[in-house]
Amino acid sequence: MCRGSRCAKHRDLAITGEQRFRFASLMSLAADDAALPDDPEFRSAFMAYVEWGTRLAMHNAQPSADVAPHAPVPRWGWGEAPPYVP
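Residue numbers for the sequence shown follow our numbering, beginning at 49 and rising by one.
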């Protein structure tokens, strides 16, 4: 679940698309630096999670965002997760 304090960390930061993209790019480089598995399936899943998280953070960071106080957060794993449905 997206607990109030976790969502609140991004509230009113007004994260831009450029900042979101930069963070996601740095996460990819950090995965290389941390020697995370480099097989395509793992990296695809990892970056999909990063993309999802950064887009959600950017949305929640806008001053007018309607943040769901207990929105679900997908669990990390190798299986497929269903899409978030509010």
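The C-beta atom is built at its ideal place from N, Cα and C for all residues, glycine as well.
Since the model is a prediction, treat every value here as computed from it, not as a measurement.
In the structure shown, what three-state DSSP assignment does residue i receive?
i    : result
D60  : coil
V115 : coil
A109 : coil
So, for residue i: in the same chain, excluding its five sequence neighbours on each side, which residues have a beta-carbon less than 8 Å away from its beta-carbon?
i    : result
D99  : Looking at the sequence shown, residue 99 is not Asp but Glu. Cβ within range, chain order: A72.
H107 : A113
When the distance is taken between beta carbons, is residue j closer than 8 Å to residue i?
i    : j    : result
R70  : R103 : no
H58  : A105 : yes
A113 : F94  : no
For residue i, is the classification buried or exposed, using 16 other Cβ atoms within 10 angstroms of its Cβ as the cut-off for buried?
i    : result
A109 : buried
T64  : exposed
Ordered along the chain, which non-local residues of its own chain (more than five positions away) have a Cβ less than 7 Å from that of residue i?
i   : result
L61 : A109
Could you tell me which uninterrupted beta strand (DSSP E) segments, each at least 3 residues in length, are contained entirely in the stretch 61-91, listed from first to last along the chain? none
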